[in-house]
Amino acid sequence: MHKLATLSIFSLLIGTGSAVELFAAQPLNPADSISLEENHPNSFRNFSAELPKMRERTPPINTETGLHVSEIEQGLFFVTDFIYQSAFLVTDDGVVVFDAPPSFGERLRIAIADNAGDTPITHYIMSHNHTDHNGGGHFFADVAGLTVVTAATNAETLERTPHRGVLEPTKTFDKTLNLEVGGVPIELATANYHAEDSDTMIYLPEQSFLMAVDTITPGEAPFMNFGATSDLAGYLDTFETFLSYDFEHFLSGHVSVLGTRDDVIVARDYAFDVRDTVDRLMPDFMSHMMAGMEAVQFQHGNLAYRYGMEAIRDICAAEIIARWKDELSVVDLWADSHCETVVLYSIMH
C-alpha cells in the first residue's frame, strides 16, 4: 500500500518525451487514500484488525451514557467515551476536574454528580488549551468560584485567540505548580511534547497517576505524526521525563484504554525505532532524489524531492510494520506518517 503513490507518479513519467507529455499524462491522486471499495488495493479490508490483546483491555461501556467511568484509586475516577479521556478527583474539600473534551463535557458533569454527590467542583485543570480536549469546559462555566488552572503560555495563547468552548484561566503558572485540594497533593509541570505553546503534565503521587495528553495510545501505535506533535524533539525527549515519575496509571487522552508504565516504555521503544530507522536510511536521500530528477529530465524539482522523501518513508514504514505489527495495534495505519514526520525533521535538522 505504501508504494502506490510513488509508483503511480513515476510510471507515468519515465520514458516520456516532451515536457507536455511529462507533466500532463493524466490526473493523479496526490496521496494514498483508504478506500471503502473492497477490491481496491487500498481497501480498508487490507489493513490489519486491532490485536486481540488490545481488545481485551477495552473497558466496559455504559450504553445509556455512552461513557466508561471507573474509580481507579480512592477518589480518582477515569472517564472515556472511547475516543477521548479525562479524569476527576473527589476530595473532602472539593472535586478537581482534569480536562473536559467537548465530545462528553456535559455527560462529565453528570458523571461527577453521580459519583461525588454534593461535593462542590472547585478546580478545573487543563492539560493544554486545544479545543478537542478542553472545548467542553463551557459546561463548567456556571460553577461559582471555579479555579481554572493552566500554564501561563496557554493562557497567553487563549488571550490572543480564544478557543471554542475553552474556559478562561483564573490561575496560571510558569514551570511548576504544587496544589493541595482536600489534603491530596497535585503536582503540575510544563513540558513540550505536543502543543504549540506548552503542555502540562499532571501528577498525583498518592494515586500513582500521571496524565500527559496527546502522547501515546496504550496498546496502539501513536496517532498520526506522533500525536500530531508540533515538537518532535520534545516528544522524543519527554519519555525520559515521564519515566522519572513513579506512576502506575498513565492517562494519555485518547482511545479507551488507561495506560500503564509498560505502555509508556513500549511507546518509547517504538518511537525510537522509527527515529533510528530513518537515521539509517537518510544517507540515501540524495540518491533517491536524483533518481527522481533524472526521471523527470530535471524539469520538476519539487516532484523529485517528494519522491526522495517518499522513498525513505516507504522503506521505513515497511520495516516498522514488519517489526511492530504483532506488538501494537494499527501500526499499518500510522507508521507511514511517523516515518514521514521523522524524515521531515531529519531534513531540517
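Going left to right, the sequence shown walks through residues 1 to 349 as the working numbering numbers them.
Glycine included, each C-beta is placed from N, C-alpha and C at the ideal position.
Would you mind sorting residue i into buried or exposed? The rule is 16 or more other CB atoms within 10 Å of its CB.
i	result
H244	First, the residue type needs correcting, since residue 244 is Ser and not His in the sequence shown. So S244 counts as exposed.
I265	exposed
Q26	Reliability of the predicted coordinates at Q26 is poor, the pLDDT of 40 falling under 50, and the value obtained from them is presented with this limitation in mind. When all chains shown are included, Q26 counts as exposed.
L155	It is worth fixing the name first, because residue 155 is Ala in this sequence and not Leu. Buried.
I202	buried
A113	exposed
D37	It should be noted that the sequence gives Glu, not Asp, for residue 37. Per the 10 Å Cβ criterion, exposed.
F247	buried
Q299	exposed
T161	exposed
N129	buried
F139	buried
A233	exposed
E310	buried
Based on the DSSP output, what are the partners of residue i in its beta bridges?
i	result
K171	V149
L204	F209
D114	Its beta-bridge partners do not exist; DSSP assigns none.
P185	E180
Y124	V97, V148
For a quick check, are the C-beta atoms of residue i and residue j less than 9 Å apart?
i	j	result
T91	Y124	no
F250	T238	no
H133	V213	yes
G137	L177	no
E352	E56	Outside the displayed span of the chain (1 to 349) sits residue 352, for which this structure offers no information.
R306	D273	no
E50	S252	no
A191	D199	yes
V331	I83	no
L204	P218	no
G308	H288	yes
V69	N39	no
V149	T172	yes
Would a check of beta-carbon distances place residue i closer than 9 Å to chain C?
i	result
F104	Absent from the structure is chain C; it holds one protein chain and no more.
Of the residues the options, which one's Cα is nearest the Cα of residue i?
i	options	result
G227	E206, A318, A335	A335
D269	I312, A317, L236, M282	L236
K325	N129, F47, S33, F209	F47
T215	A267, P169, V69, A116	A267
F209	G165, L258, G145, E180	L258
D263	M54, H40, F44, S35	M54
R280	Q297, I315, G301	I315
R164	P101, I321, T277, T63	P101
P222	I312, E159, L188, E327	E327
Y193	D231, N225, V181, M126	D231
(request) May I ask you to verify whether the segment 280 to 292 touches the segment 97 to 106, counting CB pairs closer than 8 Å and requiring at least 3? (result) In short, these stretches do not touch, since the Cβ pair count stays below three.
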